[in-house]
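A.B. asks: All you need for the working numbering is the position in the sequence shown, starting with 1, plus 4.
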Amino acid sequence: MNMKSKEKKSARDILNWRMAQLALGGRVVDIDWLLDVGGGLGWESLQRLKIFQNNHYELQKSLDELSFIWHRHINENEPLQYLVGKCPWRDFQLEINSSVFIPRQETEILVELALKKCNGISVGRWADLGTGSGVLAVALARSLPGWIGDAVDCSKDALSLAKKNLANLANNSHVHFHLGHWWQPLKSWWGTYDLVLANPPYIPSAVLSELHPIVRDNEPHLALSGGLDGMNCCREIIRGAKKGLGTGGWLIFEHHYDQSERLLNELIANGFKEVNFENDLEGVRRFAIGRKS
Ligand SMILES: C[S@@+](CC[C@H](N)C(=O)[O-])C[C@H]1O[C@@H](n2cnc3c(N)ncnc32)[C@H](O)[C@@H]1O
Numbered sequence: 005m006n007m008k009s010k011e012k013k014s015a016r017d018i019l020n021w022r023m024a025q026l027a028l029g030g031r032v033v034d035i036d037w038l039l040d041v042g043g044g045l046g047w048e049s050l051q052r053l054k055i056f057q058n059n060h061y062e063l064q065k066s067l068d069e070l071s072f073i074w075h076r077h078i079n080e081n082e083p084l085q086y087l088v089g090k091c092p093w094r095d096f097q098l099e100i101n102s103s104v105f106i107p108r109q110e111t112e113i114l115v116e117l118a119l120k121k122c123n124g125i126s127v128g129r130w131a132d133l134g135t136g137s138g139v140l141a142v143a144l145a146r147s148l149p150g151w152i153g154d155a156v157d158c159s160k161d162a163l164s165l166a167k168k169n170l171a172n173l174a175n176n177s178h179v180h181f182h183l184g185h186w187w188q189p190l191k192s193w194w195g196t197y198d199l200v201l202a203n204p205p206y207i208p209s210a211v212l213s214e215l216h217p218i219v220r221d222n223e224p225h226l227a228l229s230g231g232l233d234g235m236n237c238c239r240e241i242i243r244g245a246k247k248g249l250g251t252g253g254w255l256i257f258e259h260h261y262d263q264s265e266r267l268l269n270e271l272i273a274n275g276f277k278e279v280n281f282e283n284d285l286e287g288v289r290r291f292a293i294g295r296k297s
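Have a look at this one:
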């Protein structure tokens with residue numbers, strides 16, 4: 005694709021372009037996301053377009069380039085985040101590619117829950133199991149600068165992107181990356197963790213084929229599939245946490261909307277105390293919490 009990037013366009017040109025793209029298909033929320041994250045037109049500028057139609061705006065990508073992305077999105081069902089290569093999340097913007105799961109908004113709650121538990125504790129050790137793009141590792145490194153962190157993934161490509169994101173967004177933090185299976189690469193530090201976060205693959209096999217094609221046909225299967233009942237990875241993480249966490253350490257993880265009761269029972273059966281759940285943004289039980297006794 006040989007198209008000129010940055011260009012200056014009038015509000016009227018941009019609005020006409022927006023209308024023409026939407027006539028081809030797709031959702032308003034997505035075209036505005038593309039103008040914002042791809043074109044660099046923030047929400048406030050997008051509102052102003054409609055009022056001051058003669059104003060000119062500098063776009064980070066040309067309208068030709070944005071059209072190319074939009075067409076791939078609506079015709080090939082490709083996620084905009086992969087096409088643009090970016091994903092805004094919490095207070096930062098990650099680099100993203102198709103080797104990693106696209107961080108979801110609801111996972112931001114996982115970080116808030118962790119920070120509530122660790123409020124005021126200036127030194128400690130955390131682990132992020134299944135780091136993917138490194139999104140949780142970056143958030144923890146920025147919020148808990150005195151802590152040491154370990155981020156694990158079994159995908160080499162994911163780990164290399166996670167390292168890049170950390171270098172760009174939380175340089176000088178004390179985070180180590182490990183290639184391997186859940187708790188295995190962390191054996192040397194078992195018994196020392198104060199906090200472990202995970203957003204493991206948790207989709208049950210039967211649900212995988214029914215996922216929206218934009219997810220099913222693009223995001224890594226390794227990041228989605230949790231086995232027959234979807235809970236294989238969650239169970240492994242819980243069992244590993246019995247040895248991995250230090251006394252009083254917290255395990256907090258995300259799961260499928262219908263797994264809460266079974267996973268809370270699994271935590272109790274494995275000797276965890278202060279076992280509880282938290283809801284996602286739609287009021288559905290989505291996070292499990294337990295403390296090593
Ligand atoms: C749902 S994604 C979550 C990524 C990221 N933490 C997030 O919240 O966006 C799950 C991640 O777990 C990783 N994973 C899958 N099986 C694994 C295993 N056995 N050991 C370590 N990581 C694994 C996948 O490669 C993927 O990056």
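Don't be surprised by glycine CBs; every beta carbon is placed ideally from N, CA and C. Every value quoted in this text rests on a predicted model; they were computed, and no experiment measured them.
Note the first and the last residue of the continuous alpha helix (DSSP H) segment covering Leu201.
C.D. replies: Counting along the chain, Leu201 sits inside no alpha helix (DSSP H); it lies in the beta strand (DSSP E) bounded by residues Tyr197 to Ala202.
A.B. asks: What span of residues does the beta strand (DSSP E) with Ile152 cover, start to end?
C.D. replies: Ile152 to Asp157
A.B. asks: Would you say the beta carbon of Gly136 is closer than 8 Å to some non-hydrogen atom of ligand 1?
C.D. replies: Yes - ligand 1 has a heavy atom lying nearer than 8 Å to the Cβ of Gly136.
A.B. asks: Does Ala292 come out as helix, strand or coil in the three-state DSSP assignment?
C.D. replies: strand
A.B. asks: Between Asn59 and the rest of its own chain, which residues show a CB-CB distance below 6 Å, the 5 nearest in sequence each way excluded?
C.D. replies: Closer than 6 Å at the Cβ level, and outside the excluded window around Asn59, lie Ala15.
A.B. asks: Would you list the one or two residues that DSSP bridges to Pro92?
C.D. replies: Paired residues: Gln97.
A.B. asks: State the Cα-Cα distance for the pair Trp37 and Ala273, rounded to the nearest angstrom.
C.D. replies: 44 Å
A.B. asks: Where Asn283 and Glu116 are concerned, what is the direct C-alpha to C-alpha distance, given to the nearest angstrom?
C.D. replies: Those two C-alpha atoms are separated by around 12 Å.
A.B. asks: Quick one: any contact between the segment 62-72 and the segment 39-54, if contact means 3 or more CB pairs under 8 Å?
C.D. replies: yes
A.B. asks: Hey, is Trp193 close to ligand 1, as in C-beta under 8 Å from one of its heavy atoms?
C.D. replies: no
A.B. asks: For Pro140, which residues in the same chain have their Cβ closer than 6 Å to its Cβ, ignoring the five residues on either side in sequence?
C.D. replies: In the sequence on display, residue 140 carries Leu and not Pro. The residues are Asp132 and Leu201.
A.B. asks: Strictly by DSSP, which residues pair up with Arg129?
C.D. replies: Ile152
A.B. asks: Rounded to a whole number of angstroms, what is the C-alpha to C-alpha distance between Met5 and Asn176?
C.D. replies: For Met5, the predicted structure reports a pLDDT of 49, less than 50, and the residue's modelled location is therefore unreliable. The matter cannot be settled from this model.
A.B. asks: Along the beta strand (DSSP E) that carries Glu278, what are the first and last residues, could you check?
C.D. replies: Phe276 to Asn283
A.B. asks: Sort out for me which residues DSSP pairs Leu63 with in a bridge.
C.D. replies: Glu11
A.B. asks: Tell me the DSSP bridge mates of Ser229?
C.D. replies: Ile207
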